[in-house]
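Numbering (the working numbering), first residue to last: 23 to 123.
Structure, as structure tokens:
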């Protein structure tokens, strides 16, 4: 059995990549744990960062952060293409015409 090194939201935030090299705020890590990120694939639930609740607060691990980032990347990259703005506009007009507008 492997020993896991648990880290808090502040330390976990520093492990996330960011544009300015500062990582994520502890609040952003907590949102990833509690709310997760909505999947863009139809019929798929939210993608959440795995964590455990302890008397010291929420704790996660470096490997769980890697899994979360990989799941988000796979969700975004492998997702089916969405409709273009023009196609959505045509569909909306057709629905309005069908309802008598």
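We put the beta carbon where it would ideally sit given N, CA and C, even for glycine.
Asked	Found
Starting from the Cα of residue 74, find the closest Cα among 55, 88, 68 and 63 and give me that residue.	55
Per DSSP, residue 74 is paired with what?	81
Residue range of the alpha helix (DSSP H) that residue 109 falls in?	107 to 120
Within 10 Å of its beta-carbon, does residue 95 have 16 or more other beta-carbons around it, so buried, or fewer, so exposed?	exposed
What number of angstroms, rounded off, separates the C-alpha of residue 112 from the C-alpha of residue 64?	21 Å
I'd like the span of the alpha helix (DSSP H) that includes residue 56, first residue to last.	48 to 56
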